[in-house]
Amino acid sequence: MVDLATGLLYLDPEEVPAISDLPQLNLHQYQQHDEMRYAVHTSRLWYEVALKEVERYGCSGSPSLRIVQALSVLTLCHSNFGEPQREWLFTGWAASIARCLDMHRLGSEVAHARHLSNRPEWSTFERRELGRRVWWTYVIRDWLGSWSRPPAITPASFCCKFSTENEANHDVIIETPTHTSSPSPLVYQSVMCRLSYIFYIYIKVNTHQNASKFIKALEEIEIVKRSLPLHLSNKFPANIDDEEWEATHSWITFQRFLITHGIEFMLLSIARTLAMGNIGSEQTRYREAAMASAMSILHSYLSPVPRVYKLVWTISASTVAAAVYTSLDILMNPQDYTPQKRQEHVHLLKKVVQELSKYSHVAIHAAKGSASIQKLLARLEQNFSMSHLSVHDILRHLTTQEMPSVAGTTGTVADGYVLPAHTIPVPTDGWNEMMVGHDMTIPHMDQGHIDGLLGPSDTWDSFMEFPTFQQHYNG
Numbered sequence: 001m002v003d004l005a006t007g008l009l010y011l012d013p014e015e016v017p018a019i020s021d022l023p024q025l026n027l028h029q030y031q032q033h034d035e036m037r038y039a040v041h042t043s044r045l046w047y048e049v050a051l052k053e054v055e056r057y058g059c060s061g062s063p064s065l066r067i068v069q070a071l072s073v074l075t076l077c078h079s080n081f082g083e084p085q086r087e088w089l090f091t092g093w094a095a096s097i098a099r100c101l102d103m104h105r106l107g108s109e110v111a112h113a114r115h116l117s118n119r120p121e122w123s124t125f126e127r128r129e130l131g132r133r134v135w136w137t138y139v140i141r142d143w144l145g146s147w148s149r150p151p152a153i154t155p156a157s158f159c160c161k162f163s164t165e166n167e168a169n170h171d172v173i174i175e176t177p178t179h180t181s182s183p184s185p186l187v188y189q190s191v192m193c194r195l196s197y198i199f200y201i202y203i204k205v206n207t208h209q210n211a212s213k214f215i216k217a218l219e220e221i222e223i224v225k226r227s228l229p230l231h232l233s234n235k236f237p238a239n240i241d242d243e244e245w246e247a248t249h250s251w252i253t254f255q256r257f258l259i260t261h262g263i264e265f266m267l268l269s270i271a272r273t274l275a276m277g278n279i280g281s282e283q284t285r286y287r288e289a290a291m292a293s294a295m296s297i298l299h300s301y302l303s304p305v306p307r308v309y310k311l312v313w314t315i316s317a318s319t320v321a322a323a324v325y326t327s328l329d330i331l332m333n334p335q336d337y338t339p340q341k342r343q344e345h346v347h348l349l350k351k352v353v354q355e356l357s358k359y360s361h362v363a364i365h366a367a368k369g370s371a372s373i374q375k376l377l378a379r380l381e382q383n384f385s386m387s388h389l390s391v392h393d394i395l396r397h398l399t400t401q402e403m404p405s406v407a408g409t410t411g412t413v414a415d416g417y418v419l420p421a422h423t424i425p426v427p428t429d430g431w432n433e434m435m436v437g438h439d440m441t442i443p444h445m446d447q448g449h450i451d452g453l454l455g456p457s458d459t460w461d462s463f464m465e466f467p468t469f470q471q472h473y474n475g
C-alpha cells in the first residue's frame, strides 16, 4: 500500500491509469477528464490506509526494518498532502524503532559489535550497509527537517558510520547499474550528511542566537558548495560529451537539481536572517547574498527538467521561499530597483507562479505558495511601496488585507527592514517565522567523533574535499 500510494502520486499524467482502472471510490466530483485529480485523491486514501497499517504493526508488533523503511518512503507524501508535521513525528518514531533494532550501533565493518551479525536484519554485509544508510537518512531528515523543532538524534547517541567507498556492490544496495569509473550515487547523501551537521550545530541546537554563528554557518555551507564534485555542481554538464555521459547516469541530473535547491535554500534562509538583523554595515552584503540565492533557485526551478523533480516538496518550498523573499525585497526597497529591473523580476515571478500552478493539485504547498506569490505580485504591479513596514507587518497585511498603522511600527530601520534591534529571527522552514527557543544544552562534542562517523573528506570520493569543522561550541 505504501508503494501504491507513493507511486500513483508521482506518476506522469500520461502514465496515470484511467479512472475505470482505479478502485471505484465514489469520488463523484471527478469526471472522466479529471483522471489526474482522481488519481491524487486515490493516492491520498491509500496513503491514509498505509499509515494506519504502519501504526498498527509498528506499535503493536515487534520492531521491524520494514516499518522503518515504510516510514521513510511515506515522507515523499506527507508535505504534498499538507501534513508536514507528520514528517517530524514519524522521523522520531522511526528513529526509535531503528534504535530497537540496534541500527544506530552498526558502526563500520571494521568496528561494530560482532553480536549484531546474529540479528537477521544485520546477518550479511549488504544488510548492514543498508542499515547504515537508512540510519543516516533519518539523521539527515532530523537535522535538516523542521528547523524550528529540537533534534531527536544527537551525534553522541550513535556510532553508525557513513561511507561511499567500500566493498559492497552498489547494484545490490540501490539496484542501480554503476561502473568502476563512475561516481557513487551515495556521494549525494554524503554531501547532505555534511550539510545536515552544519545545521545541527549552528541552527538546531543554537540556543544562543547571534550573528557570528549564522555567519559561520554560511561560511561552512559555502565551502561545501565550492567543494562539490563536478557532476553535482552547476558547472556540469559543460559540453556535449558531458551530456552524453550524464545520459547514462540518469540519477545524476536529479541529484544535482536537488542539491542546488537545497544549498541555495539554506544560504537564502540564513543570509536573509542576517540581512534583517541589526549587524551594521554588513547587512547589505547579506541582503545581496540572499537575493543571489533566491535568483538561483527561481531560475533552476524554471529549467526544463522531468515533472517528477518538481513534485518533491523541498523543491516547491524553496521556490516559494525564494519568490516570497524576492517580492518582499522589491516592496521594501523600491529605490533599489529601476523600472526595467522591477519589470524583469515581476515577469520572472509570474512564470514561477504559472509553473507552480501546474502541480497545485498534486502538492498543497505548491497551491498555497502560488496563491501567496500572486498576492505579492498584485502589490508589485500596483507599484506599492512597503519600505516603512516590517516583514511581519507585510505578511499580516497580505493575510488579513488590513494595512497596519505606520505609527504603530516599532524598531530600527535597516536597508528597508524594520526589526527590533535585539533579536535575529532564525530561519524556520524557509518562512519568515521566529524559532521558539528550546531549553536544552549543547553537548561538548569531540570533533573527532563526528569526523569519524562521516569519514575524512579524502575517503568519500576522489573528487570531494570538505572542511574540517571547527569546534562547534565555545561556551
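Under UniProt numbering, the sequence shown has 88 at position 88, and the numbering climbs by one with no breaks.
Glycine included, each C-beta is placed from N, C-alpha and C at the ideal position.
query: DSSP on Asp451, reduced to helix/strand/coil?
result: Annotation note: pLDDT 45 at Asp451 (below 50); position unreliable, no value reported.
- request: Take every Cβ of the stretch 227-237, pair it with every Cβ of the stretch 96-116, and state whether three or more of those distances are shorter than 8 angstroms.
  value: Segments in contact, no.
query: Taking Ser375 as the reference, which of Leu331, Thr338, Lys358 and Gln335 has the closest Cα?
result: What sits at residue 375 in the sequence shown is Lys, not Ser. Comparing Cα-Cα distances from Lys375 to each of Leu331, Thr338, Lys358 and Gln335, the minimum goes to Leu331.
task: Output the distance between the C-alpha atoms of Tyr359 and Leu116, rounded to the nearest integer angstrom.
output: Near 45 angstroms, if we compare the C-alpha coordinates of Leu116 and Tyr359.
message: Just to confirm the assignment: which complete alpha helix (DSSP H) runs, minimum length 4, are found wholly within the stretch 97-146?
response: 125-144, all fully within the stretch 97-146.
task: Note down the Cα distance separating Asp3 from Ser233, rounded to an integer number of angstroms.
output: Within the model, the alpha-carbon separation for Asp3 versus Ser233 is close to 31 angstroms.
message: Going by beta-carbon coordinates alone, are Thr326 and Met291 separated by less than 8 angstroms?
response: The criterion of a C-beta distance shorter than 8 angstroms is satisfied by Thr326 and Met291.
field: Assigned secondary structure, Met435 (DSSP; H/G/I helix, E/B strand, else coil)
entry: Interpretation of Met435 is limited by its pLDDT of 27, a score under 50 that renders its predicted location unreliable; no figure is taken from the coordinates.
- prompt: In chain order, what residues of the same chain lie with their CB nearer than 7 angstroms to the CB of Ile198, ignoring the 5 residues before and after it?
  reply: Taken in chain order, the residues that qualify are Ala217, Glu220 and Ile221.
message: Give me, in chain order, the residues of the same chain whose beta-carbon lies closer than 6 angstroms to that of Arg141; leave out the 5 immediate sequence neighbours on both sides.
response: Excluding the 5 residues flanking it on each side, Arg141 has same chain C-beta neighbours closer than 6 angstroms at Thr91, in chain order.
- prompt: Should the stretch 149-166 be regarded as contacting the stretch 91-106, the criterion being three or more beta carbon pairs within less than 8 angstroms?
  reply: Touching, yes.
message: Would the stretch 292-302 count as touching the stretch 237-250 if we require 3 or more Cβ pairs under 8 angstroms?
response: The stretch 292-302 is not in contact with the stretch 237-250.
message: Measuring straight from C-alpha to C-alpha, what distance separates Pro427 and Ile223?
response: With a pLDDT of 38 at Pro427, under the threshold of 50, the modelled position of this residue cannot be trusted; read the value that follows with caution. Their Cα atoms are separated by approximately 20 angstroms.
- request: Classify Gly61 as buried or exposed, calling it buried when 16 or more other Cβ atoms lie within 10 Å of its own Cβ.
  value: By the Cβ-count criterion, Gly61 is exposed, with fewer than 16 other Cβ atoms from all chains shown falling within 10 Å of its own Cβ.
Same chain, Cβ closer than 6 angstroms to Leu144, neighbours up to 5 away in sequence not counted: So the qualifying residues of the chain are Ser196 and Phe199.
Under 8 angstroms between C-beta atoms of Leu302 and Val352: Cβ atoms of Leu302 and Val352: closer than 8 angstroms.
- request: Using a Cβ-Cβ cut-off of 8 angstroms, state whether Ala322 counts as contacting chain D.
  value: The question asks about chain D, but that chain is absent: this structure has only one protein chain.
field: Rounded straight-line distance, which links the Cα of Gln255 to that of His249
entry: For His249 and Gln255, the distance between alpha carbons rounds to 11 angstroms.
task: Below 8 angstroms on the Cβ atoms is my guess for Ile297 versus Leu268; work out the distance and round it to an integer in Å.
output: That belief holds up - the Cβ atoms of Ile297 and Leu268 are roughly 7 angstroms apart, short of 8 angstroms.
field: Buried or exposed by the 16-neighbour rule on C-beta atoms within 10 Å, applied to His347
entry: By the neighbour-count criterion, in which 16 or more other beta carbons inside 10 Å mark a residue as buried, His347 falls on the exposed side.
- prompt: For Trp313, which residues from the same chain have a beta carbon less than 7 angstroms from its beta carbon, with the 5 sequence-adjacent residues on both sides left out?
  reply: Residues Ser79, Asn80, Ala363 and His365 of the same chain have their beta carbon placed closer than 7 angstroms to that of Trp313, with the five preceding and five following residues left out of the count.
message: To the nearest angstrom, how far is the alpha carbon of Ser72 from that of Val187?
response: When rounded, the distance between both Cα atoms is 19 angstroms.
- prompt: Less than 8 angstroms separating the beta-carbons of Ala152 and Ala95?
  reply: By the CB criterion at 8 angstroms, Ala152 and Ala95 fall inside the cutoff.
query: Can you tell which of Lys52, Leu349 and Trp88 has its C-alpha closest to the C-alpha of Ser146?
result: The shortest C-alpha separation from Ser146 is found at Trp88.
message: Within 10 Å of its beta-carbon, does Thr75 have 16 or more other beta-carbons around it, so buried, or fewer, so exposed?
response: By the neighbour-count rule (16 or more Cβ atoms within 10 Å), Thr75 is buried.
message: Could you give the first and the last residue of the continuous alpha helix (DSSP H) run that contains Glu282?
response: The continuous stretches of alpha helix (DSSP H) do not include Glu282, and DSSP gives it neither H nor E.
query: Would you report the Cα separation of Ser212 and Ser148, rounded to the nearest angstrom?
result: Cα to Cα, the separation comes out at about 19 angstroms.
message: Using the Cβ count rule (16 or more neighbours within 10 Å means buried), how would you classify Thr124?
response: Exposed, since its Cβ has fewer than 16 Cβ neighbours within 10 Å.
message: Going by DSSP in three states, Leu419 sits in which element: helix, strand or coil?
response: Residue placement at Leu419 is flagged as unreliable, the pLDDT there being 28, under the threshold of 50; the coordinate-derived value follows with that caveat. When secondary structure is reduced to three states using DSSP, Leu419 falls in the strand class.
field: Leu65 beta carbon less than 8 angstroms from that of Thr42
entry: No.
6 angstroms Cβ shell around Trp251 - same chain, five flanking residues per side excluded: The residues are Pro185.
- request: Tell me whether Ile315 sits in a helix, a strand or coil according to DSSP, three-state version.
  value: When secondary structure is reduced to three states using DSSP, Ile315 falls in the helix class.
Coarse secondary structure for Lys368, derived from DSSP in three states: Of the three classes helix, strand and coil, the one that applies to Lys368 here is helix, per DSSP.
task: Quick one: measure Cβ to Cβ for Val40 and His361, integer angstroms, because I've assumed they're closer than 8 angstroms.
output: A Cβ-Cβ separation of about 6 angstroms places Val40 in contact with His361 under the 8 angstroms criterion.
- prompt: Taking the alpha-carbon positions, what's the Tyr202 to Met192 distance?
  reply: Our two residues, Tyr202 and Met192, have alpha carbons roughly 15 angstroms apart in a direct line.
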